[in-house]
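Novice:
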Amino acid sequence: MMEDIFETVKEGSNVVYLDMPKKDFLFKYNNFNRDSAQNLVDNYFKEKGRDGIPKVEEISLDDSRGIMKITVAVNYERDFKLEEYKIPDSLNEARK
9 MMEDIFETVK EGSNVVYLDM PKKDFLFKYN NFNRDSAQNL VDNYFKEKGR
59 DGIPKVEEIS LDDSRGIMKI TVAVNYERDF KLEEYKIPDS LNEARK
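Under the numbering used here, the residues of the sequence shown are numbered 9 to 104, in order.
#1: Pick from Lys56, Pro62, Ser72, Tyr84: whose alpha carbon is nearest that of Ile78?
#2: In angstroms with no decimal places, state the Cα-to-Cα distance between Val64 and Tyr25.
#3: Rounded to the nearest angstrom, how far is the Cβ of Lys30 from that of Ile75, given a contact under 8 Å?
#4: Let's see if you can read the secondary structure: which residues bound the beta strand (DSSP E) around Phe35?
#5: Which word fits Arg73, buried or exposed, when buried means at least 16 other C-beta atoms lie within 10 angstroms of its C-beta?
#6: Asn22 and Ala81 - do their beta-carbons sit closer together than 8 Å?
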């Protein structure tokens with residue numbers, strides 16, 4: 009699902025725009041609301057290893073194109089960097 013998200017970043021801004029197919033969003037989430045969008049954005053930032061604390065500002069749906077749009081404000085003011093999200097596999101888990 010995360011690979012189908014198209015990200016646009018406005019240069020010199022802390023705003024990120026995420027576009028994704030509506031059907032992909034509804035495959036994982038039952039409701040199209042701010043809480044589910046925030047959960048998706050949090051997971052997206054973790055998976056991509058992005059710095060900053062994302063906050064969903066606006067969500068909208070383009071039914072004619074079947075696209076969900078999320079506007080995210082990112083707070084970069086913190087002293088640490090997020091660790092990149094790593095998907096464990098059975099080989100790595102068995103060796104620990």
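Just so it is clear, CB atoms sit at the ideal spot from N, CA and C, and this is done for glycine as well.
All figures in this text were calculated on a predicted structure; none of them were measured in a lab.
Specialist: Considering the structure as presented:
#1: Per the Cα distances, Pro62.
#2: 10 Å
#3: 6 Å
#4: Careful: Phe35 lies outside any beta strand (DSSP E), inside the alpha helix (DSSP H) at 30-36.
#5: With fewer than 16 other CB atoms across the displayed protein chains lying within 10 angstroms of its CB, Arg73 is exposed.
#6: yes
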